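The working numbering numbers the first residue of the sequence shown as 57 and each following residue consecutively. We treat Cβ as the ideally placed atom computed from N, Cα and C, and that holds for glycine. The structure presented is a predicted model; accordingly, all values stated were derived computationally and were not measured. Here is the structure we will look at.
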Amino acid sequence: MSSIKTTGAYFAVTTFFLAHFVYLLFLNEVTLTGGPLGFRGIRPPESIGPLSFESSMENGYLLILFSFIFIYILLRKFVNSNVGLILKSIEQDDILADSIGINTAAYKLLSFVISATVAGFAGTMFAHFFRLLHPTTFSWFLSEMVVIITLVGGLGTLIGPVLGAGIVTFILEFLRFAPEIRYIGWAIALIAILMFEPKGLIGLIKRVGRRWKYA
Numbered sequence: 057m058s059s060i061k062t063t064g065a066y067f068a069v070t071t072f073f074l075a076h077f078v079y080l081l082f083l084n085e086v087t088l089t090g091g092p093l094g095f096r097g098i099r100p101p102e103s104i105g106p107l108s109f110e111s112s113m114e115n116g117y118l119l120i121l122f123s124f125i126f127i128y129i130l131l132r133k134f135v136n137s138n139v140g141l142i143l144k145s146i147e148q149d150d151i152l153a154d155s156i157g158i159n160t161a162a163y164k165l166l167s168f169v170i171s172a173t174v175a176g177f178a179g180t181m182f183a184h185f186f187r188l189l190h191p192t193t194f195s196w197f198l199s200e201m202v203v204i205i206t207l208v209g210g211l212g213t214l215i216g217p218v219l220g221a222g223i224v225t226f227i228l229e230f231l232r233f234a235p236e237i238r239y240i241g242w243a244i245a246l247i248a249i250l251m252f253e254p255k256g257l258i259g260l261i262k263r264v265g266r267r268w269k270y271a
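Structure (structure tokens):
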């Protein structure tokens with residue numbers, strides 16, 4: 057609850073430390089989590105409706121795609137609801153929202169819970185299809201990737217992280233042969249984005265669209 061009351065960089069730092077605590081917990085609690093070996097032998101679901109997952113991995117990709125579309129539609133409806141509009145107002149100016157009687161801490165907690173629920177669902181699918189949960193799954197690197205994906209795509213949008221995930225995944229695969237360059241590249245990219253386009257790709261697309269419209 058205390059992290060919900062923080063804002064900006066303080067919230068990010070608090071979240072990173074929490075993620076690192078979870079990583080250390082999974083790494084050291086051998087009896088609870090399997091320690092460095094992790095959970096192994098997790099079975100995939102046998103079938104869901106007409107989709108069988110034991111004989112075809114392609115069906116797993118279809119399930120992931122359908123789940124993504126379904127969750128995206130739900131989140132889209134949520135963002136356009138009254139609660140979603142309140143969250144947008146908090147994003148714009150949480151001090152002003154608090155001054156007009158909005159319980160910003162409660163709505164931030166709601167947003168945090170919804171985000172964690174979606175991430176937990178994705179983690180469940182990850183565990184069942186990769187059949188393994190390892191402590192590195194909860195490392196700093198994954199948390200950094202989530203932040204980078206969001207910054208690249210665009211904060212405060214739904215489609216932004218989708219674009220960001222596609223670009224980040226492509227770059228990761230492209231630089232797989234030189235992992236030492238990868239981190240330098242991310243640092244340069246983050247600095248460039250924060251300096252020149254803090255709203256990410258979506259902000260860039262909107263700005264170019266406005267210039268094209270009035271050109």
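Measuring CB atoms only, is the segment 211-228 touching the segment 166-176, in the sense that at least three cross pairs come out at less than 8 Å? no
So which of Lys255, Gly94, Gly157 and Ile227 has the shortest CA-CA distance to Thr192? Gly94
With DSSP as the reference, identify every bridge partner of Arg96, one or two as the case may be. Leu188
Rounded C-beta distance between Leu207 and Leu246? I'm assuming under 8 Å. 7 Å
Runs of 4 residues minimum, wholly inside the segment 120-168: which ones carry the alpha helix (DSSP H) assignment? 138-148 and 150-155
Go through its chain and collect everything with a Cβ distance to Phe197's Cβ below 7 Å, but skip five positions before and after it. none
Could you give the residue range of the alpha helix (DSSP H) that holds Ala221? Ile215 to Phe230
Looking at the structure shown, is Leu257 part of a helix, part of a strand, or coil, going by DSSP? helix
In whole angstroms, what is the alpha-carbon distance linking Ser167 and Val135? 11 Å
From Ala234 to Ile240, what distance separates their C-alpha atoms? 11 Å
What separation, rounded to the nearest whole angstrom, lies between the Cα atoms of Arg238 and Leu83? 25 Å
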